[in-house]
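Visitor:
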Amino acid sequence: MIPPQPNPATTTLPPTWWAAGLTPQERTGPTRPTWVDFAEAALSRESAVQGAELSRESDGWRTAFAGVFRPFTDAARVAITAAAAGSSAVDATSVANGCAAQLGHQLAGLAARTLVLELGRARHKGVLAGETGEERFAAFVRRTGTTAGLTDLLHRYPVLARLAAQASLHAIAAVTELLSRFDADRVALAAFVGTDPGALVEISGGTGDAHQRGRSVRELRFAGGARVVYKPRPLDLHTAFTALVGWLNPRVPGLALETVDVLTRPGYGWLRFVEHRPCGDLTEVDRFYRRQGVLLALLHALDGTDVHFENIIAAGDQPVLIDIETLFQPVLPAGGTDADPAADLLARSVHRTMLLPQMLVGEHGAVDISGLGGGRAAAPALERVDWLDAGTDRMRLVRVPGGVGTGVNRPTLGGVDVEPAEHGAALLAGFRAGYDAIAAAATEFAALLESCAGAGIRVLVRPTSFYTRLLDETTHPSLLADAAARDEAFELLHDDSTDDVRRALVAAELTDLWAGDVPMFTGEPGSADVWDTEGNRLPGLLGATPLASVRAKVAGMTTIDRRDQEWLISAALATRPAAETHTGSGVSDGILPSKTPEPAHLLSAACGVADAIIARACTSGGRVNWVGLELVDEKYWTVLPMGGGLGEGYPGVALFLAQLAELTGIDRYRDLAGKALSGLPSLVAALEADPDLAEAAGPGGLLGLGGVAYAAARLARLLDRPDLLDLCARTVAVMPAPTPRTSPRFTTGLAGGLVALRSIAGQTGLELATVLAGAYAAELASRSIDPDLADPGFAHGAAGVDWALSGHPRETATLPPAKAATGHGWCSGLAGQVLAYAGDPDVLGGLDEQVRRLAAQEPLRDLSLCHGETGITDVLGVLAETGHAGAEAALATRTGLLLTAVEQDGARCGTPDGVPSPGLLTGLAGIGYGLLRLGFGPRVPSALLLQPPTR
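Sequential numbering of the sequence shown, starting at 6, is according to the numbering used here.
Given below as structure tokens:
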């Protein structure tokens, strides 16, 4: 909708000016909303902005825009002053002024986009007085802040009038309620604090999201310097949690874990303010992380979640949890293409607590938001709204990289933040101690949980960030002239609700969003019911009680489960270091090659690797999947259920298991490979239904749709599954057409897609694969070398592109002079660089020196295909197949080294710290596949090169 033009002559409002501020459903009722009365009463005040001098602070524009709404904030100031006036323990003027200022900044945020649009209109019309942009901005604020100016603005934007009036009414009601409760509890609060704190001088807002009509967590500051935290929700669960910690403390020697002191009242309560304190020495740091490990075990047992960096405070050697409301959290149905047992496992694991490192990957990078590792300034990762030329008449909205704020959740030593990954041993030791203490007394612990049955919990339906962004984006002026337009924007909630639980809650979410709140739902551990903000009850919506789920979890706490959780802890900690460099990990000490590895010996080792993969399989019904460490955006390690890609997903694991089954005849490998592919049909169907999804997946050979189609073709033969040939053809059909914007890379782009399509055409005779391969080749051949492809390796650089184009004439130069390889691996090192020339008989003889360097390289601890030992042996194997004598000799030597390393130290993955992960490129499946290829040559085609089988 096009926003209406201003009418400076407007000084009064027509009788039904507010009607467009109602949603279509609300317009059927005869009731005049309360917010209309408030807005009209506020506009009757004479409140021209006095001398709109801009603050020199970075948000001076916000203070100026707040002045436009002075009639609203004045009304709030008067009401709050009146509410506080009857108490001698409250500095009424100070409290009311502070609350009014906070409200003004809130209203400025709601109106900013609209005011900036109006500012631009006024500038273009030349109606603003002033010689500079700052002067013209001040003139706009003065003009809009008059009674006539604000009346005209709200007449044209009645939805903005609604939002501003509602926010004001909610602020008045919430603060008035708080003051009434404070007055009733002030004697008890003085005893709680331990001294008379003096008069209440400030009520700080913004320490939590607004729920239940503007209510939020607030910090109270007193004249004597004391501070207390107010929570407008029941704190029974805090009391119960403190009792559980009290039960656990004597069962873990030296624990003495502290909790927040609370003063509970019906429906609300007060918390002691917890201050961040540094650690005095490394012993205290270790105690902190040991206690945090025990806390992690307790939160896991209680189905706790949302313990991000804002919900925990490092007080010396004590990790103090300050928000308990998300214990006993039910697991709601996950969206997606199909039920995934790995996703379900992750949703019920320690990972779910959010205490462990979790990388939030955004448009500009990644940032850890967890209680353990978040809360410190980092490179901006997410996109946020900002204002360019703020405070001038050229002010405009821009989207810029931004962070997620800072916290006091991490310990400090000597003024320096402590890196949690460096104290993983202490964290794991604490987790084991806490887990074992609960498991050893599971029956007693479960009985204690009965005291929690009626306590209030919050039921998280969607991420809070989803709601806050939706609220912010729907303040666009095109949505504020008629509520029907904003209501239509909220339809996103329906689109995002793919299960019965969320669909049942959409109506309540819309009610909260229209009230300006982050939607909130509550429940009780002993009930399957859910309540919305207005107290409406949805009986049995959860299906099972959260308490029953926690009891079942506690009963299932075993040594095996604990080890699974410990793997997740180690994997999460491993995501903390810097972004991936693809250079391999050091050399192995004391590795001597076995004499001449026999195929049977290599096969046995591969079976051992496969059995390790099977041991970590997640099974539900007929589907199998795994949780693994995966690179997101090829940079950031994250703990995720395996997806549908060949390189890091379940098709790669299935390919290894199926190949092993063919060589051994062992049915369990074949059966598991087939079950691992159960999610593939729904994935392909989703790609067919959403071309944008297929475009985003890309054509790549190992991390794109080319690899998916290749895996389906290979597995159709290995498993004797004709249905997989159909999936292969359907995947090829959704592979994106090449454009000048398509990545050229082997892993993600056209080069890999080209090789995969040629392989598929050779295996299946699929005509579309041949046609599309020709299109990919033509697009690649027509391009100049991308400077980004100067990487010397195969996966991401020019080597992979050049190899893919072998036999295709190029309109431009071939490889530029490659810079020196930084490692020896396949993906970005010497092996990949050598591989680019393996198919060129004219240069094959000139590779002797490079082959000698590969042969002489000390054995790497990293055994992965991507940048480890099996990647090097795969390349040597390709060269040996061409008859290169030096490669044959080097292959024999390095095969012995690889086998010995697997037998002595296990199959160390190419993940951070070598954490075991099942994937093909960096994990166990690739190591196992490499062993098969070394033992059985032509029967096991190179998966790295997407080769077709030879027989």
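Glycine is no exception: its CB is placed at the ideal position from the N, C-alpha and C atoms.
Which residues mark the beginning and the end of the beta strand (DSSP E) in which T527 is found?
Guide: Taken as a continuous stretch (DSSP letters only), the beta strand (DSSP E) holding T527 covers F526 to G528.
Visitor: Along the chain, which unbroken stretches of the beta strand (DSSP E) at least 3 residues long are found entirely within the segment 375-440?
Guide: The segment 375-440 contains these whole beta strand (DSSP E) runs: 387-393 and 401-407.
Visitor: What are the start and end residues of each continuous alpha helix (DSSP H) run of 4 or more residues lying completely inside the segment 26-50, in chain order?
Guide: The qualifying runs are 39-48.
Visitor: With DSSP collapsed to three states, give me the class of W22.
Guide: The answer is coil: DSSP assigns W22 none of H, G, I, E or B.
Visitor: Taking 8 Å as the threshold (beta carbon to beta carbon), is G798 in contact with chain C?
Guide: The structure shown contains no chain C, having only a single protein chain.
Visitor: Which residue comes first and which comes last in the beta strand (DSSP E) that contains V366?
Guide: Here the beta strand (DSSP E) through V366 covers M364 to G367.
Visitor: In terms of DSSP beta bridges, what is I208 paired with?
Guide: DSSP lists L225 as partners of I208.
Visitor: Tell me T643's beta-bridge partners as DSSP assigns them.
Guide: E635, per the DSSP bridge assignment.
Visitor: I believe L184 touches A89 by the beta-carbon criterion, under 8 Å. Please report the beta-carbon distance rounded to the nearest angstrom.
Guide: Contact flag correct, Cβ pair sits at about 5 Å.
Visitor: In chain order, what residues of the same chain lie with their CB nearer than 7 Å to the CB of G548, ignoring the 5 residues before and after it?
Guide: Correct list, in chain order: A533.
Visitor: For Y781, which three-state DSSP category applies?
Guide: Y781 falls in the helix class under three-state DSSP.
Visitor: Quick one: which unbroken alpha helix (DSSP H) runs of 4-plus residues sit fully inside the segment 646-705? Chain order, please.
Guide: Listed in chain order, the complete alpha helix (DSSP H) runs (minimum 4 residues) inside the segment 646-705 are 655-669, 672-681, 685-694 and 696-702.
Visitor: Give, in chain order, every unbroken run of the beta strand (DSSP E) that is at least 3 residues long and sits entirely within the segment 323-362.
Guide: As far as the segment 323-362 is concerned, its whole beta strand (DSSP E) runs of at least 3 residues are 323-326.
Visitor: Excluding sequence positions up to five away, which residues of its chain have a Cβ less than 8 Å from the Cβ of A53?
Guide: Model confidence at A53 stands at a pLDDT of 48, short of 50, so the residue's coordinates are unreliable; what they give is reported in the following sentence. Taken in chain order, the residues that qualify are R147, G150, T151 and T152.
Visitor: Would you identify the three-state DSSP class for N102, choosing helix, strand or coil?
Guide: N102: helix per DSSP, three-state reduction.
Visitor: By alpha-carbon positions, which one of L607, V629 and L578 ends up nearest to V644?
Guide: That would be L578, whose Cα lies nearest to the Cα of V644.
Visitor: With DSSP collapsed to three states, give me the class of H216.
Guide: Strand, per DSSP.
Visitor: Is the beta carbon of F74 closer than 8 Å to that of D398?
Guide: Contact: no.
Visitor: Pick from R389, I443, L896 and G805: whose alpha carbon is nearest that of S470?
Guide: Residue R389 is the option with its Cα nearest to S470.
Visitor: What is the DSSP secondary structure of Y472, reduced to helix, strand or coil?
Guide: Reduced to three states, the DSSP call for Y472 is helix.
Visitor: Rounded to the nearest angstrom, how far is the Cβ of F314 from that of S375, given a contact under 8 Å?
Guide: About 7 Å separates the two Cβ atoms, so the contact holds.
Visitor: By Cβ distance, which residues of its chain are closer than 7 Å to M359, with the 5 residues on each side in sequence left out?
Guide: Contacts found: T310, D311, V312, H313, S375 and G376.
Visitor: How close, in whole Å, do the beta carbons of D492 and T28 come, if the pair is a contact with beta carbons under 8 Å?
Guide: Sure, about 5 Å apart at Cβ, within 8 Å.
Visitor: Pair every Cβ in the segment 917-929 with every Cβ in the segment 645-657, then say whether three or more of these pairs are closer than 8 Å.
Guide: Taking 8 Å as the limit for Cβ pairs, the verdict is that the segment 645-657 does touch the segment 917-929.
Visitor: Following the continuous alpha helix (DSSP H) through T78, name the residue where it begins and the one where it ends.
Guide: From DSSP, the alpha helix (DSSP H) with T78 extends over R75 to A89.
Visitor: Cutting at 8 Å between CB atoms, please list the residues of its own chain near R959, excluding the five before and the five after it.
Guide: Residue 959 falls outside the range modelled here, since the chain spans only 6 to 956, and no answer is possible.
Visitor: Could you tell me how far apart the beta carbons of E893 and A906 are, in whole angstroms, since I believe they sit closer than 8 Å?
Guide: About 21 Å; that fails the 8 Å criterion.
Visitor: Buried or exposed: which applies to K236, given that a residue is buried once 16 or more other Cβ atoms fall within 10 Å of its Cβ?
Guide: Buried.
Visitor: Check H801 in the structure and name its three-state DSSP category.
Guide: Correct three-state label for H801: coil.
Visitor: My guess is that R628 and P346 are in contact by the Cβ rule of under 8 Å, so how many angstroms apart are they, rounded?
Guide: Sure, about 6 Å apart at Cβ, within 8 Å.
Visitor: Where does the unbroken alpha helix (DSSP H) through R167 begin, and where does it stop?
Guide: From DSSP, the alpha helix (DSSP H) with R167 extends over P163 to V198.
Visitor: Taking the alpha helix (DSSP H) that D725 belongs to, which residues open and close that run?
Guide: Unbroken run through D725: none, as it is neither H nor E.
Visitor: Specify the secondary structure class of N541 as computed by DSSP and reduced to three states.
Guide: DSSP places N541 in coil when its eight states are reduced to three.
Visitor: Does the Cβ-Cβ distance between G272 and P324 come in under 8 Å?
Guide: No. Outside cutoff.
Visitor: Within the continuous beta strand (DSSP E) that includes A520, where are the two ends?
Guide: Looking at the DSSP string, A520 is not in any beta strand (DSSP E), and its letter there is neither H nor E.
Visitor: Can you list, in chain order, the stretches of the alpha helix (DSSP H) that have 4 or more residues and sit fully within the segment 867-910?
Guide: Segments of the alpha helix (DSSP H) lying fully in the segment 867-910: 874-886 and 890-910.
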